[in-house]
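Asker:
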Amino acid sequence: MDYKWNWGILLQPAPEGFSNYLVMLLSGLEWTVITALVSWAIALLLGAAVGVTSTLQNRFLRQATFAYVELFRNIPLLVQMFLWYFVAPDILPHELGLWVKQLPNSAFITTAISLGFYTSARVAVQVGAGIRALPTGQRMAGLASGLTPAQVYRYILLPTAFRIILPPLTSEFLNNTKNTSVGLTIGLLELTARARSMQEYSFQVFEAFTVATLMYLAVSLSVVLTMRALERKVAIPGTITNRADPH
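End of the sequence shown sits at 246 in numbering that gives the first Met the number 0; the numbers just go up one at a time, nothing left out.
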């Protein structure tokens, strides 16, 4: 039996209070973008802190950061999300666990937190590698000029390291955005979940997922172009390969 394409389905009335299926998909895209940004903020803050700690001289702190990275990087994201959503509230004190379960948008909060921790382990590796890639003379010169170790990291090492690792951080952000789709397993109505809902209500599976794919592609291309422009703007000659015009 041949499949009957019907692109007009996108403008037909949709359930759940949406004026049409296109608006339903755009609602899912909105949740995808919001979840990606919130989880990335968590990942960047935690990842930078863990990455910096992994380069300190204290052996105990380095081992602790190694354990953190291995824990969150090697447990599948789906398992972590289930642990955060189903297990974590039950191991908290009863009143606190009950409050967590009754939070509005709990699926969004859980997805953002679990995805943030998962991605932070990967960001930490990138940050640590960026700092270690810098000449040791920069750290020594900063300390010799009277700066404290914290000031050396803040004013010398981190600004340069983040410029170096912008390309891999772009890849991590793209992966983070795509990983938001795992949130549908705990009830987050992001883009993939909305596409599945459209398919189930209308039986137009190819139209639903084609539009969802194009939306994901548009987001990814926007991120790539933005990060490339940022990379060129903050590039340090001799440290980052500039995409200069050969002519």
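Beta carbons are placed, not taken as given, at the ideal position from N, Cα and C, and that holds for glycine.
(1) Please report the distance separating the alpha-carbon of phenylalanine 17 from that of phenylalanine 161.
(2) Quick check on glycine 7: does DSSP put it in helix, strand or coil?
(3) With H, G and I counted as helix, E and B as strand and the rest as coil, what does DSSP make of aspartate 1?
(4) Using 8 Å as the cut-off, can you tell me whether the region 162-179 makes contact with the region 193-205, which would need three or more C-beta pairs spanning the two stretches below that distance?
(5) With respect to the alpha helix (DSSP H) encompassing leucine 36, which residues constitute its N-terminal and C-terminal limits?
(6) Please state if the CB of valine 122 and the CB of glutamate 171 are separated by a distance shorter than 7 Å.
(7) Spatial neighbours of isoleucine 130 within its chain, please: CB distance less than 6 Å, with the 5 preceding and 5 following residues excluded, ordered by chain position.
(8) Below 7 Å between beta carbons: does that hold for asparagine 19 and glutamine 203?
(9) Glycine 186: which of Thr64, Ser105, Asn73, Phe65 sits nearest, CA to CA?
(10) Under 7 Å between the Cβ atoms of leucine 10 and methionine 214?
(11) Can you tell me which of the three DSSP states leucine 102 falls into?
(12) With a CB to CB cut of under 8 Å and the five nearest residues on each side skipped, what residues in its chain are close to phenylalanine 205?
(13) Tell me which residues share the same chain as tyrosine 117 and place their Cβ nearer than 7 Å to its Cβ, disregarding the 5 neighbours each side in the sequence.
(14) Look at the alpha carbon of phenylalanine 59 and the alpha carbon of leucine 24, and state the distance between them as a whole number of angstroms.
(15) Please work out which residues of its chain come closer than 6 Å, Cβ to Cβ, to aspartate 244, disregarding the five sequence neighbours upstream and downstream, and give them in chain order.
(16) Of all the options Ile90, Pro92, Val51, which has the alpha carbon lying nearest to the alpha carbon of alanine 132?
(17) Is serine 119 near glycine 46, with beta carbons less than 7 Å apart?
(18) Give the DSSP-derived three-state secondary structure of glycine 186 in the structure shown.
Answerer: So, from the data block:
(1) If you take the alpha carbons of phenylalanine 17 and phenylalanine 161, they lie about 42 Å apart.
(2) helix
(3) In this structure, aspartate 1 counts as coil in the three-state DSSP scheme.
(4) Touching, no.
(5) 20-52
(6) yes
(7) Thr54, Leu156, Ala160
(8) no
(9) Ranked by Cα distance from glycine 186, the options Thr64, Ser105, Asn73, Phe65 are led by Ser105.
(10) no
(11) Here leucine 102 carries a coil assignment [DSSP, helix/strand/coil].
(12) Tyr2, Trp4
(13) The beta carbon of tyrosine 117 sits closer than 7 Å to those of Phe71, Leu76, Gln79, all from its chain and outside the five residues before and after it, given in chain order.
(14) Phenylalanine 59 and leucine 24: Cα-Cα distance of roughly 48 Å.
(15) Only weak support is given to the placement of aspartate 244: the predicted model assigns it a pLDDT of 43, under 50, and the value that follows is read from those uncertain coordinates. Excluding positions up to five away in sequence, the list is empty.
(16) Among Ile90, Pro92, Val51, the Cα nearest to that of alanine 132 is on Val51.
(17) Against a cut-off of 7 Å, the Cβ pair of glycine 46 and serine 119 comes out as a contact.
(18) Correct three-state label for glycine 186: coil.
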